[in-house]
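Structure, as C-alpha cells:
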C-alpha cells in the first residue's frame, strides 16, 4: 500500500521560486506526536511546528518562550503563567490558556519528569484567556524545570482539540503555533515545512532553544537517505544542503572542500551507557555488578564506536558532562578498565559461571559497537558471555522481558541518550530505582528514590548539586547504570547556509541561505 501523503502546498511554480533548505535528517519521520515518543526526529519535528511555554538558553537558564512572564506566590507553591501577545495557531485562532492547560496535562501524563510534577501538583487551572495557574502541594520550581526541558518528550503546546486526543491515537491535525507549518508529510520518506508568516518571534536573540525564532527561508524539506554514501554524494553534488549526522568514516570525503562546512550543533552531544538486569543472576549480586564495571573501560568503547578523538571523551557522570550536575564520583570504577580488580571481585563474589547475555542491536551504527567491546572485557575478567545479535526492534522488545536470560530475557543492554535527557536525577529515566516501575532493568533502591524525591523539591542550586552528587555516589556503588563516555555527531552543510543555533535540538530558525 502506498504511504499516506498529506499535502498542503499552494502551487508548484510558487514553491520553485522559494528559498529552500534541503536536509537529510538522521532518521525518517513516521510518528508525528511529540508527546508519545522520545524519538529525537519527532522532537525535532515538534520544534518546527509547535512552541513551548518555557525554554532553556545556551547557559541552561529557564526563559519565557510563549509566556510573557510567570509569577510565584510568597509560599513558593503557586505559579501563575501569562501568555504573551500575538500567539496564533496555524489556523488563525488565538492560543488560549485553555489550550495550554490541556497540553500540559496531556504531556505530563506521558513524560517521566511530567509524572513527577503531577505527583506534587494540587491543581492546574485556567485563570483567564491568557493566564493559567499551577498549584503545587509543596514549595518547588519543578514544574518550571519540567516545562523548560529541551528534549525527550518536550512540553509542546497544542490546540485543545488536539491535546484532547489520547496519546496512542494518531494525530492527523498538525496545527501548532510554531515558526513553521507542515506542507507535506510522506511518512518515512519526506516532510516539507513552510515558513509560518504569522509567527511573531520574541525580540531577544536566539540562544539555545530560547529567544527569537526568526525564520529566514521559505521552505525546509526533510529527506531520507538510508545509505550514508548516497547522502554524502548528494551533499557533494549540491543536491542537498545539509546532512544532519555525517558518518565519521566518511568525513575525509568532505575535508578540505571549500563548498562545505562541518560543525557540531549540539553543545552536549550523546551520552553512552549500559544497563544491568537487576532481577536475574548474575547481576542481582552487587559485587558481580561492580566486577563488570571495573572490567569495562570507556576508551576502547569510544574508539570502536567513534574513532576520531575530536568527537568523543570519557565521562564518569551519570548526568552527562558539560552539564550543570556533572560529577566525577566513582570514576575509578567506570572510566578505565581494571581487569585484576574485576577478577578479584568475581572471586570474592563466588561467581559460578552463570552466562551473561548481552543484546547487540546490529543494525544501528550508534549502538552496535558497544556490546562487542563490553563482551570482550567481561570475558577477560572471567565472565562467561553470550553476545546475541539482533535488530533494534527486537532489542527494544526483548529488554521489556523479566524472564531468565536463557528463556528470552537478558543481562545487559546498551543505549545512548541526548545528554539533556539525563542531566539530573529527575529527568534521567534510568535514574529511577523504584523496582517494577523503574526503567528496563528494574533496580530497587529506596535510598536513591528518597534522594530523588528531595531533589524534586529542591530549588536552591547548591542543594540540587549536593543531592545530585549523593545520588551519583549511591548509584555508582550499586551500578544503577554505567556511563561509557560522551560523543558528538558532526553536521556537514553547504557554505550557502549560515546562522545555525547551537542547541540540544536541530532547528532551522535563524538559518539563512545565500543564493
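Numbering (the numbering used here), first residue to last: 11 to 525.
Cβ atoms here follow ideal geometry from the backbone N, Cα and C, with glycine treated the same way.
Original post:
Should residue 435 be listed as close to the ligand ZN, given that the test is whether its C-beta is under 7 Å from any heavy atom?
Top reply: Of the ligands one can find in the structure shown there are none, so the ligand ZN has no counterpart to examine.
Original post:
For residue 251, which option in 520, 513, 501 has the closest C-alpha, if you only look at C-alpha atoms?
Top reply: 501
Original post:
Would a C-beta distance cut-off of 8 Å place residue 306 and residue 337 closer than the cut-off?
Top reply: no
Subject >> Exposure label - residue 451; buried when at least 16 CB within 10 Å >> reply: buried
Original post:
Is residue 345 buried or exposed, if buried means 16 or more other CB atoms sit within 10 Å of its CB?
Top reply: buried
Subject >> Cβ distance (whole Å) where residue 59 is taken to contact residue 192 below 8 Å >> reply: 6 Å
**OP:** Name the two residues that bound the continuous beta strand (DSSP E) containing residue 239.
**Re:** Taken as a continuous stretch (DSSP letters only), residue 239 belongs to no beta strand (DSSP E), being part of the alpha helix (DSSP H) at 238-246.
**OP:** Give the secondary structure of residue 430 by DSSP, where H, G and I count as helix, E and B as strand, and everything else as coil.
**Re:** helix
Original post:
Out of curiosity, what's the CA-to-CA distance linking residue 37 and residue 354?
Top reply: 44 Å
**OP:** Please name the residue in 519, 498, 86 whose C-alpha comes closest to that of residue 275.
**Re:** 498
Original post:
Where residue 18 and residue 97 are concerned, what is the direct C-alpha to C-alpha distance, given to the nearest angstrom?
Top reply: Confidence is the limiting factor: at residue 18 the pLDDT is only 48, short of 50, which leaves the residue's position unreliable and the question unanswerable from this model.
Original post:
Near residue 51, what residues of its chain come up, given a Cβ to Cβ distance below 8 Å and the 5 sequence neighbours on each side ignored?
Top reply: 35, 36, 37, 38, 39
Subject >> Boundaries (first-last residue) of the beta strand (DSSP E) holding residue 74 >> reply: 72-74
Subject >> Euclidean distance between Cα positions of residue 215 and residue 490 >> reply: 40 Å
**OP:** Round the Cβ separation of residue 117 and residue 45 to the nearest angstrom and send it over; I've been treating them as touching at under 8 Å.
**Re:** 5 Å
Original post:
Around the C-beta of residue 213, are 16 or more other C-beta atoms found within 10 angstroms, so that it is buried, or is it exposed?
Top reply: exposed
**OP:** Go through its chain and collect everything with a Cβ distance to residue 356's Cβ below 6 Å, but skip five positions before and after it.
**Re:** 301, 392
Original post:
When DSSP labels each residue in this structure, what does residue 249 get in the three-state scheme?
Top reply: coil
Original post:
In three-state DSSP terms, what is residue 490?
Top reply: coil
Original post:
DSSP three-state call for residue 515: helix, strand or coil?
Top reply: coil
Original post:
To which residues of the same chain is residue 539 closer than 6 Å at the C-beta, ignoring the five residues directly before and after it?
Top reply: Given a span of 11 to 525 for the chain in the structure shown, any question on residue 539 remains unanswerable.
Subject >> Nearest-angstrom Cα separation, counted from residue 360 out to residue 119 >> reply: 44 Å
**OP:** My understanding is that residue 494 touches residue 278, with C-beta atoms under 8 Å, so please give their C-beta distance in whole angstroms.
**Re:** Going by Cβ atoms, the distance from residue 494 to residue 278 rounds to 16 Å, so no, they are not a contact pair.
Original post:
In whole angstroms, what is the alpha-carbon distance linking residue 316 and residue 405?
Top reply: 22 Å
Subject >> Cβ neighbour criterion (16 or more within 10 Å) applied to residue 267 >> reply: exposed
**OP:** Take residue 395 and list the residues in its own chain whose beta-carbon comes closer than 6 Å to its own, dropping the five residues that flank it on each side.
**Re:** 366, 385, 388, 389
Original post:
residue 32 bridges to which residues according to DSSP?
Top reply: 231
Subject >> Alpha-carbon to alpha-carbon, residue 381 and residue 422 >> reply: 9 Å
Subject >> Chain-order list of residues whose beta-carbon lies under 6 Å from that of residue 173 (same chain, five-residue window excluded) >> reply: 112, 113, 116
Original post:
Got a sec? Which residues, its chain only, sit under 6 Å from residue 324 by beta carbon, not counting five neighbours each side?
Top reply: 308, 345, 495
Subject >> Through-space distance from residue 219 to residue 244, alpha-carbon basis >> reply: 29 Å
Subject >> Inside the segment 385-460 only - alpha helix (DSSP H) runs reaching at least 4 residues >> reply: 402-408
**OP:** Within its chain, find whatever has a CB closer than 6 Å to the CB of residue 128; leave out the 5 residues flanking it on each side and keep chain order.
**Re:** 118
Original post:
For residue 505 versus residue 159, is the C-beta spacing smaller than 8 Å?
Top reply: no
**OP:** Quick one: grab the DSSP three-state call for residue 358.
**Re:** helix
Original post:
Quick one, which of 350, 332, 326, 334 has its alpha-carbon nearest residue 341's?
Top reply: 326
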